[in-house]
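Okay, so here's the structure we're looking at.
In my numbering, the protein residues as written are 335 to 728.
Here you go:
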């Protein structure tokens with residue numbers, strides 16, 4: 335896809351949001367020590383953000399349906415900037431928690447509306463690639479932004495990371511204003527119509543598939559550091575290298591997912607979910623060995639994020655006449671899958687089943703998603719045959 339300034343601006347926003355969401359995972363000890371709270375208490379800052387995404391996605395989308403799209407995206411980037419500024423000047427745990435919740439409210443709506451805007455900037459046959467281009471900012475955040483924010487937090491204090499992300503927010507607002515055309519609000523915007531879309535079987539099925547796909551990813555990724563330290567017996571340097579390797583895999587997977595989803599959304603989902611299942615089973619068997627583990631982590635990253643563009647496009651297609659809320663809710667579904675996956679992986683560990691069983695639990699989740707897609711495709715094919723037969727008879 336040729337460079338598109340509007341897509342680049344959206345990707346910058348996605349990069350900033352990705353850093354904001356994931357950087358605190360590497361800053362928890364620093365934040366906990368500075369604010370005088372325990373690490374589990376500091377960890378609630380991450381859980382609160384995810385919950386804020388789930389709540390904020392429908393709230394922000396339903397209340398802004400008549401706002402012009404460029405104006406809305408700039409306003410959402412403004413909320414993101416203000417939230418991070420409040421985090422940077424926080425004097426206590428309560429203020430930081432409030433700042434994290436405020437920041438999270440932009441997340442679902444920005445990605446939901448941004449996906450629709452990104453798709454509108456290119457020809458119809460390249461929409462999945464456009465969505466992938468925007469999400470590329472999120473994947474690059476895991477490769478570059480999160481390690482950089484963690485380094486800054488360790489050497490300059492955790493507030494420095496939030497100051498840096500605030501600057502990204504300002505840059506995003508400027509870039510959106512300069513690169514996006516004046517995009518009017520959707521005509522006939524109706525909050526009740528948006529809500530009714532969420533009662534449709536295909537839309538609910540697409541959202542459920544996003545939950546399953548995300549849970550397959552986060553069941554394992556949440557515990558990747560202890561897995562590498564305790565099963566692979568890796569050094570801290572190896573762990574850091576593997577996190578970067580995984581991030582590179584996410585970036586490649588996001589690009590491939592967008593490229594192939596433009597050809598066939600369902601086929602891309604089937605191949606990717608099948609590959610993810612096989613990779614996680616192999617990871618469960620080979621995680622004690624460093625070389626195979628490194629290869630599998632890269633492939634796992636590819637498979638994990640190759641799911642994102644086709645899942646987003648699937649929801650947008652299923653809710654084509656009222657896509658704004660459904661698209662935002664897909665981002666919320668991803669975060670819900672994050673929470674469910676972390677809980678499932680933690681439950682497996684607490685049950686004493688061992689870290690290889692965590693990878694197998696992730697494989698089970700992706701296999702369930704694979705079955706769901708195959709059943710959906712077959713039902714759709716059967717419906718098409720019935721309609722074709724009825725048309726022929728008539």
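For glycine and all other residues, C-beta sits at the position ideal for the given N, C-alpha and C.
Buried or exposed: which applies to residue i, given that a residue is buried once 16 or more other Cβ atoms fall within 10 Å of its Cβ?
i	result
residue 638	buried
residue 579	buried
residue 595	buried
residue 468	buried
residue 589	buried
residue 528	buried
residue 457	exposed
residue 552	buried
residue 577	buried
residue 512	exposed
residue 533	exposed
residue 500	buried
residue 358	buried
residue 526	exposed
List the whole-angstrom C-beta distance separating residue i from residue j, where the pair is believed to meet the contact cut-off of C-beta under 8 Å.
i	j	result
residue 583	residue 465	Not confirmed; about 19 Å, so no contact.
residue 356	residue 410	Not a contact, Cβ separation roughly 19 Å.
residue 662	residue 442	4 Å
residue 361	residue 495	6 Å
residue 429	residue 382	Wrong, their Cβ atoms sit about 13 Å apart, outside the cutoff.
residue 608	residue 704	6 Å
residue 483	residue 446	That belief does not hold up - the Cβ atoms of residue 483 and residue 446 are roughly 25 Å apart, past 8 Å.
residue 412	residue 344	Their Cβ separation, rounded to whole angstroms, is 15 Å, which puts residue 412 and residue 344 out of contact at 8 Å.
residue 488	residue 586	About 28 Å; that fails the 8 Å criterion.
residue 611	residue 701	5 Å
residue 450	residue 658	7 Å
Quick one: residues in its chain with C-beta nearer than 8 Å to the C-beta of residue i, no 5 flanking neighbours on either side, listed in chain order?
i	result
residue 615	693, 694, 697
residue 599	462, 644, 647, 648, 651
residue 620	626, 627, 630
Between which residues of its own chain and residue i is the CB-CB distance below 7 Å, once the five residues before and five after are set aside?
i	result
residue 352	471, 472, 475, 476, 479
residue 717	With a pLDDT of only 44 at residue 717, under the threshold of 50, the placement of this residue in the model should not be trusted; the figure read from the coordinates follows. Nothing listed; no residue qualifies.
residue 669	384, 387, 388
residue 408	507, 510, 511
So, at 6 Å on beta carbons, what are the nonlocal neighbours of residue i in its own chain, with the 5 sequence-adjacent residues on each side left out?
i	result
residue 545	667, 670, 671
residue 653	531, 537, 660
residue 633	613
Taking only runs of the beta strand (DSSP E) that begin and end inside the stretch 580 to 607, which ones reach a length of at least 3 residues, in chain order?
-> none
Contained alpha helix (DSSP H) runs [length at least 4] in the stretch 501 to 547, N- to C-terminal order = 525 to 531
Where are the alpha helix (DSSP H) runs, 4 residues long or more, that stay fully inside the stretch 452 to 505, in chain order?
-> Fully enclosed alpha helix (DSSP H) runs of 4 or longer: 461 to 474, 480 to 490.
Enumerated in chain order, which unbroken segments of the alpha helix (DSSP H) with a length of 4 residues or greater are wholly contained in the stretch 642 to 683?
-> 642 to 652
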